[in-house]
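Colleague:
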Amino acid sequence: MWVTCSQETLVKGVQLASRAISTRTTMPILGYILLETVKDGMRLTATDLEFAVQVDIDAEVKRGGQVTLPARILAEIVGNLPAAAVEVKSEEGANQVEITCAASTFEILGLPAGDFPALPKADGAEIGAMDADLLRKMVGQTLFAVSADETRPFLTGVYVTLEGAEVRCVATDGGRLALRKTALPTPTKQKTGVIVPAKTMQELMRALAGVTGDVQLAMADNQLLFAAPGLRIYSRLISGQFPNYQQVIPQEFK
1 MWVTCSQETL VKGVQLASRA ISTRTTMPIL GYILLETVKD GMRLTATDLE FAVQVDIDAE
61 VKRGGQVTLP ARILAEIVGN LPAAAVEVKS EEGANQVEIT CAASTFEILG LPAGDFPALP
121 KADGAEIGAM DADLLRKMVG QTLFAVSADE TRPFLTGVYV TLEGAEVRCV ATDGGRLALR
181 KTALPTPTKQ KTGVIVPAKT MQELMRALAG VTGDVQLAMA DNQLLFAAPG LRIYSRLISG
241 QFPNYQQVIP QEFK
């Protein structure tokens with residue numbers, strides 16, 4: 001692997017991917033970021049097996065490949081580099097990576113890229129699309145009502161439903177309820193209702209700040225994928241039946 005990119009671009013990519021790094025795990029690989037070459041750039045992926053972030057950044061690819069590097073060390077190094085071109089280089093099949101920027105050179109030992117957990121494929125499973133800023137606002141207007149009671153896991157996330165030309169975000173802790181709904185630009189072909197963990201929604205809000213355009217929603221096994229240009233967020237879903245919240249909403253007012 002041999003790529004060159006700007007320090008600013010690399011820092012942003014590492015910071016975004018690091019949001020999914022596990023701080024408490026018995027699997028060392030979950031503390032690492034997978035770097036791999038893609039067409040016209042480099043892809044950074046991190047996961048804690050419940051939540052994953054995948055970021056594509058612009059880079060000049062001189063030789064393809066993939067490596068995993070410890071997230072904390074990588075963030076510290078690239079965050080302190082000068083604003084200049086950064087070269088990331090490793091020999092084929094090697095876990096040793098050399099990072100060079102201006103007069104600075106660092107060597108980092110990674111883990112085998114083949115040990116990194118594979119993310120589910122969501123090809124052909126798209127369920128809808130909506131504006132990134134609107135989705136961010138909807139999450140922010142409902143997330144506050146999520147329950148912190150782990151004995152009722154089905155209340156610890158935001159209930160997202162897509163049906164026809166409408167999408168809804170609902171959250172409740174049993175004492176309060178927040179509901180936000182809006183029209184979809186294109187009606188969905190299938191009715192979907194899933195409970196997305198609060199952590200995912202919090203990170204989604206942060207990641208979508210400044211993102212323009214549409215976010216595609218797709219199912220992948222028991223996970224929901226949020227995909228924007230250059231950014232993908234995967235989340236496992238919470239099992240269980242969300243309460244029939246519509247029963248407690250007044251149908252008319254006097």
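Going by this note's numbering, the first residue of the sequence shown is number 1, and it counts up by one from there.
Glycine included, every Cβ here is placed at the ideal spot set by N, Cα and C.
#1: So, for V259: in the same chain, excluding its five sequence neighbours on each side, which residues have a beta-carbon less than 8 angstroms away from its beta-carbon?
#2: Does the stretch 6 to 22 touch the stretch 76 to 90, meaning 3 or more C-beta pairs lie closer than 8 angstroms?
#3: Taking Cβ to Cβ, would you say I214 is nearer than 8 angstroms to A125?
#4: So does the stretch 60 to 76 actually touch the stretch 32 to 40, counting three or more Cβ pairs closer than 8 angstroms?
#5: Using DSSP with H/G/I as helix, E/B as strand and the rest coil, what is D48?
#6: Using 8 angstroms as the threshold, is the C-beta distance between T155 and G174 below it?
#7: List in chain order: all unbroken beta strand (DSSP E) runs of 3+ residues lying wholly within the stretch 146 to 171.
#8: With D133 as the anchor, note down where its beta strand (DSSP E) starts and where it stops.
#9: Could you pull the DSSP bridge partners for A102 from this structure?
#10: Identify every run of the alpha helix (DSSP H) within the stretch 2 to 44, keeping only runs that are complete inside it and at least 4 residues long; order them along the chain.
#11: Using a Cβ-Cβ cutoff of less than 8 angstroms, which residues in the same chain neighbour A148 once the five nearest sequence positions on both sides are dropped?
#12: Below 8 angstroms between beta carbons: does that hold for L208 and L135?
#13: Looking only at C-alpha atoms, which of K137, V67, K39 sits nearest to F116?
#14: Starting from T200 and walking both ways along the alpha helix (DSSP H), at which residues does that stretch end?
#15: Could you tell me how far apart the beta carbons of K89 and M1 are, in whole angstroms, since I believe they sit closer than 8 angstroms?
#16: Please identify the residue among G110, S22, K191, T105 whose C-alpha is closest to the C-alpha of Q96.
#17: Report all residues from its chain with a CB closer than 8 angstroms to the CB of T105; omit the five preceding and five following residues, and keep chain order.
#18: Beta-carbon separation of I127 and T192 under 8 angstroms?
#19: Taking all protein chains shown into account, do 16 or more other C-beta atoms lie within 10 angstroms of the C-beta of D48, making it buried, or fewer, making it exposed?
#20: Would Y234 and L162 be called neighbours here (beta carbons separated by less than 8 angstroms)?
#21: Enumerate in chain order the residues of its own chain whose CB-to-CB distance from A228 is below 6 angstroms, with the five nearest sequence positions on each side excluded.
Modeller: The structure says:
#1: Nothing about residue 259 can be reported from this structure: the residues present for the chain run from 1 to 254 only.
#2: yes
#3: Here residue 214 refers to the residue found at position 214 when the sequence shown is read from its first residue. Here residue 125 refers to the residue found at position 125 when the sequence shown is read from its first residue. Strictly speaking, residue 214 in this sequence is Asp, with Ile absent from that position. Contact flag unset, no.
#4: yes
#5: Reading the sequence shown from its first residue, position 48 is the one you call residue 48. Coil at D48, not helix or strand.
#6: Walking along the sequence shown from the start, residue 155 turns up at place 155. Walking along the sequence shown from the start, residue 174 turns up at place 174. Checking the displayed sequence, the identity of residue 155 turns out to be Leu instead of Thr. Going by C-beta atoms, L155 is nearer than 8 angstroms to G174.
#7: 157 to 163
#8: In the sequence shown, residue 133 corresponds to position 133, counting from 1. D133 -> not in any beta strand (DSSP E); alpha helix (DSSP H) instead, spanning 132 to 140.
#9: For the purposes of this step, residue 102 is taken as the residue at position 102 of the sequence shown. For A102, which the question treats as bridged, DSSP gives no partner whatsoever.
#10: 7 to 17
#11: Residue mapping note: residue 148 aligns to position 148 of the sequence shown, counting from 1. For A148, where only same-chain residues beyond five positions count, the Cβ hits under 8 angstroms are T156, D173.
#12: Indexing the sequence shown from 1 puts residue 208 at position 208. Indexing the sequence shown from 1 puts residue 135 at position 135. Cβ distance < 8 angstroms, so L208 and L135 count as in contact.
#13: Taking the first residue of the sequence shown as position 1, residue 116 is located at position 116. Measuring from the Cα of F116, the nearest candidate turns out to be V67.
#14: Position 200 of the sequence shown holds residue 200. Note, T200: alpha helix (DSSP H), 198 to 207.
#15: Locating residue 89 in the sequence shown gives position 89, where the first residue counts as 1. Locating residue 1 in the sequence shown gives position 1, where the first residue counts as 1. 7 angstroms between Cβ atoms; contact.
#16: Counted from its first residue, the sequence shown places residue 96 at position 96. Considering only alpha carbons, the answer is G110.
#17: Numbered from 1 along the sequence shown, position 105 holds the residue referred to as residue 105. Same-chain partners within the cutoff: E98, I99.
#18: By one-based count along the sequence shown, residue 127 stands at place 127. By one-based count along the sequence shown, residue 192 stands at place 192. Yes. Within cutoff.
#19: Here residue 48 refers to the residue found at position 48 when the sequence shown is read from its first residue. When all chains shown are included, D48 counts as buried.
#20: For this step, residue 234 is matched to residue 234 along the sequence shown. For this step, residue 162 is matched to residue 162 along the sequence shown. No.
#21: By one-based count along the sequence shown, residue 228 stands at place 228. So the qualifying residues of the chain are A132, V211, V215.
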